[in-house]
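Asker: Letter by letter, the sequence shown follows residues 193 to 531 of the numbering used here.
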Amino acid sequence: PQVMDHYGELAELAESEYDTDDPDAIDAATLGTWTIYDLESKFDYEWDPLSGEPDPNHAAVAKERTVAENPKDEDGIEIGFKSFFGPSNPIDTRTIVGSRDSFMVDEKSRDDAMLTPQFAPGDVEEEFNENFVKFRKSLDIMETYVDPFLPEDILVPRHVAKWHGYPEQTNFRPQNYTNNRFTPVEKKTDFDALSPFRARQLAVEMARAQNAEWMRPEVHLARHAEIREPYEKCQTLVGTLRKGDVDPEIVQQMEPALKILGSCVDLLSTWQDEETGGIVLRFYYYGLMKNKHGMKAWTESLLQEECGMNINNVVFETGFRRRDPAYEGGDYYYGPYTS
193 PQVMDHYGEL AELAESEYDT DDPDAIDAAT LGTWTIYDLE SKFDYEWDPL
243 SGEPDPNHAA VAKERTVAEN PKDEDGIEIG FKSFFGPSNP IDTRTIVGSR
293 DSFMVDEKSR DDAMLTPQFA PGDVEEEFNE NFVKFRKSLD IMETYVDPFL
343 PEDILVPRHV AKWHGYPEQT NFRPQNYTNN RFTPVEKKTD FDALSPFRAR
393 QLAVEMARAQ NAEWMRPEVH LARHAEIREP YEKCQTLVGT LRKGDVDPEI
443 VQQMEPALKI LGSCVDLLST WQDEETGGIV LRFYYYGLMK NKHGMKAWTE
493 SLLQEECGMN INNVVFETGF RRRDPAYEGG DYYYGPYTS
């Protein structure tokens, strides 16, 4: 309607002629907003180690006369070094020594066409001035200044070698899988030539090389006989599957717990302290070895809570069995276990 004419035009309409679909155009609405895409940005002075080019940080130091080593105190400790924070001295091996000319005068950057001649052609002082400049530049002078935000005794160098930066390391450098191995290369096992099943089986065998079950049967039996010798000599019950004395009253009291445990265990013996009344129970455990300790603790709590018994200890005997071969790939490394 005509009544809206004096309000002017919309800002979008006024700027529509400058609105383009250029994907590289800068959007004013996103200026100052950090996004994940900023991680992909790279400055021109940043160096990519994977590019194959020489390190420009080393090249920048090689072009200049710099400090030979970081300044140290009388004890030989680097000035400003803290074991927790590391070095903090602004003067380091990238600090340039010697006087520096301005951008317009320096031989590396000046343009003689833009400079006013300092001497007339054939002036006798021109050669003297060049000798004086060379002498001035040969002096190991370090130009410094005091930063108002730092302590007054800390001097900041005015000229340092250009730092091109290193990208943030997000992963380790790729190396051969045999790196940091104790086995010599000529004696290493070629797992790549084996099938996945055989490679895993061989790896488990090598990991358990100190276990008697991996040795020859006669060595295996001799090792077990050596372990069993103290029990056989003293005819002890603990550590064996021998049955001992069983108190019928204790069995009757623990009947609810035995029904819950079912065929998982068999009662071997009972023992009760005459002074404290504490009871020690021995069971033959048939369950999985990985659940042995958990089942032992749960059985002890079950007898105390469900049966009201004064339990001192619960012992689960398993004989020679140390693991469950059927649940470790189906391999019986030493045949069926004996009890």
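Note that CB positions come from ideal geometry on N, CA and C, so glycine has one too.
Being a predicted model, the structure only gives us computed values, none of them experimental.
Evaluate N509 with the Cβ neighbour count: other Cβ atoms within 10 Å of its Cβ, from every protein chain shown; 16 or more gives buried, anything less gives exposed.
Answerer: Your numbering for residue 509 matches position 317 in the sequence shown. The amino acid occupying residue 509 in the given sequence is Glu; Asn does not appear at that position. Its Cβ being crowded by 16 or more others within 10 Å, E509 is buried.
Asker: Among the candidates P282, V325, R286, whose CA atom is the shortest distance from the CA of E299?
Answerer: Locating residue 299 in the sequence shown gives position 107, where the first residue counts as 1. Ranking P282, V325, R286 by Cα distance to E299 puts V325 first.
Asker: Answer yes or no: do T258 and I288 have a C-beta to C-beta separation smaller than 8 Å?
Answerer: As a first step, residue 258 is located in the sequence shown; it is residue number 66 there, counting from the start. As a first step, residue 288 is located in the sequence shown; it is residue number 96 there, counting from the start. Yes, these two residues count as a Cβ contact at 8 Å.
Asker: Could you tell me the distance, in whole angstroms, from the CA atom of Q445 to the CA atom of D465?
Answerer: Looking up residue 445 in the sequence shown gives position 253. Looking up residue 465 in the sequence shown gives position 273. In a straight line, the C-alpha of Q445 is about 16 Å away from that of D465.
Asker: Taking just the CA atoms, how far does V411 sit from D516?
Answerer: For the purposes of this step, residue 516 is taken as residue 324 along the sequence shown, with counting starting at 1. For the purposes of this step, residue 411 is taken as residue 219 along the sequence shown, with counting starting at 1. Using only the alpha carbons, I get a separation of about 21 Å.
Asker: Less than 8 Å separating the beta-carbons of E318 and F311?
Answerer: One-based indexing of the sequence shown puts residue 318 at position 126. One-based indexing of the sequence shown puts residue 311 at position 119. It is a contact, given that the beta carbons lie within the stated cut-off.
Asker: Determine the extent of the beta strand (DSSP E) in which S280 is found, giving its start and end residues.
Answerer: By 1-based counting over the sequence shown, the position of residue 280 is 88. No beta strand (DSSP E) holds S280; DSSP gives it neither H nor E.
Asker: Just curious, the beta strand (DSSP E) that W463 is in, first and last residue?
Answerer: Residue 463 sits at position 271 when you count from the first residue of the sequence shown. Where W463 is concerned, the enclosing beta strand (DSSP E) stretches over 457–464.
Asker: Give the range of the alpha helix (DSSP H) segment to which L494 is assigned.
Answerer: Start at 1 with the first residue of the sequence shown, and residue 494 comes out as number 302. Unbroken alpha helix (DSSP H) run through L494: 484–497.
Asker: Roughly how many angstroms lie between the CA atoms of E322 and M296, to the nearest whole one?
Answerer: Looking up residue 322 in the sequence shown gives position 130. Looking up residue 296 in the sequence shown gives position 104. Spanning the two alpha carbons is a distance of roughly 17 Å.
Asker: What did DSSP end up calling P422 once you bin it into helix, strand or coil?
Answerer: One-based indexing of the sequence shown puts residue 422 at position 230. Here P422 sits in helix by DSSP.
Asker: Would you grab the beta carbon distance between V506 and E492 for me? Rounded to a whole angstrom, and I think it's under 8 Å.
Answerer: Here the question's residue 506 lines up with position 314 in the sequence shown. Here the question's residue 492 lines up with position 300 in the sequence shown. That pair is a contact at about 5 Å.
Asker: Assess, as a yes-or-no matter, whether the stretch 259–272 is touched by the stretch 369–376 under the definition of 3 or more beta carbon pairs within less than 8 Å.
Answerer: Verdict: no, contact absent.
Asker: At the level of alpha carbons, what is the spacing between T428 and E421?
Answerer: The count along the sequence shown starts at 1 and reaches residue 428 at position 236. The count along the sequence shown starts at 1 and reaches residue 421 at position 229. The straight-line gap from Cα to Cα measures roughly 11 Å.
Asker: Ignoring anything shorter than 4 residues or poking outside the stretch 316–369, list the alpha helix (DSSP H) runs there in chain order.
Answerer: Counting only runs of 4 or more, we get 317–330.
Asker: Could you say if the stretch 478–489 and the stretch 423–438 meet the contact criterion of at least three C-beta pairs nearer than 8 Å?
Answerer: They do not touch, by the three-pair rule.
Asker: Just the Cα atoms here: how many angstroms apart are S531 and L450?
Answerer: Residue 531 sits at position 339 when you count from the first residue of the sequence shown. Residue 450 sits at position 258 when you count from the first residue of the sequence shown. Confidence at S531 is low in this model, with a pLDDT of 37, below 50, so the placement of that residue should be treated as unreliable; the coordinate-derived value is given next. Taking the straight line joining both Cα atoms gives about 22 Å.
Asker: Report buried or exposed for I333, applying the criterion of at least 16 other Cβ atoms within 10 angstroms of its Cβ.
Answerer: For the purposes of this step, residue 333 is taken as the residue at position 141 of the sequence shown. Answer is exposed; the Cβ neighbour count stays below 16.
Asker: Kindly give me the distance between the Cβ atoms of H356 and W239, rounded to whole angstroms, as I take these residues to be in contact under 8 Å.
Answerer: As a first step, residue 356 must be located in the sequence shown, where it is residue number 164. As a first step, residue 239 must be located in the sequence shown, where it is residue number 47. At roughly 5 Å, the Cβ-Cβ gap stays under 8 Å, so H356 and W239 are in contact.
Asker: To which residues of the same chain is A252 closer than 6 Å at the C-beta, ignoring the five residues directly before and after it?
Answerer: Locating residue 252 in the sequence shown gives position 60, counting from the first residue. So the list reads A353, K354, once near-sequence residues are dropped.
Asker: In three-state DSSP terms, what is V411?
Answerer: By one-based count along the sequence shown, residue 411 stands at place 219. Helix, per DSSP.
Asker: Should R514 go down as buried or exposed, given a rule of 16 or more other Cβ atoms within 10 Å for buried?
Answerer: Along the sequence shown, one-based indexing puts residue 514 at 322. Exposed: under 16 other Cβ atoms inside 10 Å.
Asker: Can you find the residues in the same chain that come closer than 6 Å, C-beta to C-beta, to G470, ignoring five residues on each side of it along the sequence?
Answerer: The residue you call residue 470 lines up with position 278 of the sequence shown. Cβ within range, chain order: N502, N504.
Asker: Can you tell which of L494, E497, F512, E498 has its C-alpha closest to the C-alpha of M481?
Answerer: Residue 481 sits at position 289 when you count from the first residue of the sequence shown. Taking only the C-alpha atoms, the option nearest M481 is F512.
Asker: Within 10 angstroms of its Cβ, does Y477 collect 16 or more other Cβ (buried), or is it exposed?
Answerer: Position 285 of the sequence shown, counted from the start, is the residue given in the question as residue 477. Classification for Y477: buried.
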